[in-house]
Amino acid sequence: SQQGEEDPQALSIQEGENATMNCSYKTSINNLQWYRQNSGRGLVHLILIRSNEREKHSGRLRVTLDTSKKSSSLLITASRAADTASYFCATDNQGGKLIFGQGTELSVKP
Amino acid sequence: NAGVTQTPKFQVLKTGQSMTLQCAQDMNHEYMSWYRQDPGMGLRLIHYSVGAGITDQGEVPNGYNVSRSTTEDFPLRLLSAAPSQTSVYFCASTPPSSGTDTQYFGPGTRLTVL
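Protein sequence lines, in the order shown, are assigned to chains A and B.
Counting from 63, one number per residue, gives the positions in the first sequence under my numbering.
Counting from -7, one number per residue, gives the positions in the second sequence under my numbering.
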């Protein structure tokens, strides 16, 4: 069964707006990661947040983690058309297994 | 470095045929894994390996075999292909001592089973 559930499944915004995607999971984790997938391509690692961290930034990306609610959010600020992709959260809840959510399809219109 | 490479890019099989999907990495990564991606299902872990000679099952291992005789290669074998195995298959690897942190993905193999 899927560990991560992502919300929304699809998101359409205008360039310059912020995009927020949410991920909920079921069991305790060591870390939570976010990946991007452009259409027809492999996944690219964006950011990792460990279970003892609450917030992390990387460029225009901001990730938060609330272990009490078993949830995470990914914020992309000042979005660009090039940010159009699918975004996946993935949780490492035991050594050797990374479990992915179903993803959020982000469309950024110029 | 070529990163993670996968061959073939596309494959069509008939039900019952067997085949091997190849995955190789030239980054000396210990951890390697195979996923399948189906529409609306995200990625699901098939098998993984924490080093040469060591493999373990993921979420959906049935119908697939793996082996890890070298650090570089991690082939995935379909024993008797079924239409339910139509999917896009991704191989990934992780740097030494990093567990599952920061996986590097290959470009994928799109498999159709008729």
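Virtual Cβ for every residue (Gly too), placed ideally from N, Cα, C.
Quick check on residue i: buried or exposed, where buried means 16 or more other Cβ atoms within 10 Å of its Cβ?
i: Ser72 of chain B; result: exposed
i: Glu117 of chain A; result: exposed
i: Phe2 of chain B; result: exposed
i: Val184 of chain A; result: With chain A covering only 63 through 172, there is no way to say anything about residue 184 of chain A.
i: Lys131 of chain A; result: exposed
i: Asp128 of chain A; result: exposed
i: Gly78 of chain A; result: exposed
i: Ser85 of chain B; result: buried
Can you give me the C-alpha to C-alpha distance between residue i and residue j, rounded to a whole angstrom?
i: Asp18 of chain B; j: Thr47 of chain B; result: 19 Å
i: Thr7 of chain B; j: Asp65 of chain B; result: 26 Å
i: Ala44 of chain B; j: Thr78 of chain B; result: 28 Å
i: Pro172 of chain A; j: Gly104 of chain A; result: 24 Å
i: Ile111 of chain A; j: Pro75 of chain B; result: 38 Å
i: Asn93 of chain A; j: Arg69 of chain B; result: 30 Å
i: Leu35 of chain B; j: Arg60 of chain B; result: 22 Å
i: Lys88 of chain A; j: Leu160 of chain A; result: 13 Å
i: Gly50 of chain B; j: Phe162 of chain A; result: 12 Å
i: Asp69 of chain A; j: Ser101 of chain A; result: 19 Å
i: Thr104 of chain B; j: Thr126 of chain A; result: 38 Å
i: Pro67 of chain B; j: Gln76 of chain A; result: 42 Å
i: Leu106 of chain B; j: Glu115 of chain A; result: 47 Å
i: Ser63 of chain A; j: Leu137 of chain A; result: Bear in mind that a pLDDT of 46 at Ser63 of chain A, under 50, signals an unreliable position, so the model cannot answer this.
i: Arg98 of chain A; j: Thr139 of chain A; result: 15 Å
From the DSSP secondary-structure annotation, give me the bridge partner or partners of residue i.
i: Tyr81 of chain B; result: B:Arg28 and B:Thr101
i: Ala16 of chain B; result: B:Thr(-3) and B:Asp65
i: Thr126 of chain A; result: A:Glu117 and A:Ser135
i: Arg98 of chain A; result: A:Val106 and A:Tyr149
i: Met83 of chain A; result: A:Leu136
**Cβ-based contacts, 8 Å cut-off: residues of the segment 64 to 75 of chain B near chain A** = For the segment 64 to 75 of chain B, the set of positions with a beta-carbon nearer than 8 Å to some beta-carbon of chain A is empty.
**Message:** Using 8 Å as the cut-off, can you tell me whether the segment -3 to 14 of chain B makes contact with the segment 119 to 136 of chain A, which would need three or more C-beta pairs spanning the two stretches below that distance?
**Reply:** No, they do not touch.
**Request:** Can you give me, in chain order, the residues of the segment 81 to 101 of chain A that have a beta carbon less than 9 Å from any beta carbon in chain B?
**Result:** Per Cβ criterion, the list reads Asn92, Asn93, Gln95, Tyr97 and Gln99.
**Prompt:** For the segment 95 to 106 of chain B, which residues have a beta carbon sitting closer than 7 Å to at least one beta carbon of chain A?
**Reply:** Cβ proximity to chain A below 7 Å picks out Gln95, Phe97, Gly98, Pro99 and Gly100 from the segment 95 to 106 of chain B.
**Message:** Taking beta-carbon pairs under 8 Å, can you tell me which members of the segment 104 to 121 of chain A lie near chain B?
**Reply:** Those residues of the segment 104 to 121 of chain A placed with their C-beta closer than 8 Å to a C-beta in chain B are Gly104, Leu105, Val106, His107 and Leu110, ordered along the chain.
**Residues, ordered as in the chain, of the segment 10 to 40 of chain B that lie near chain A by beta-carbon distance below 8 Å** = Cβ proximity to chain A below 8 Å picks out Tyr23, Ser25, Tyr27, Gly32, Met33, Gly34, Leu35, Arg36, Leu37 and Tyr40 from the segment 10 to 40 of chain B.
**Asked** In the segment 161 to 172 of chain A, which residues sit with their C-beta less than 9 Å from some C-beta in chain B, listed in chain order?
**Response** Ile161, Phe162, Gly163, Gln164 and Gly165: these are the residues of the segment 161 to 172 of chain A whose beta carbon lies less than 9 Å from some beta carbon of chain B, given in chain order.
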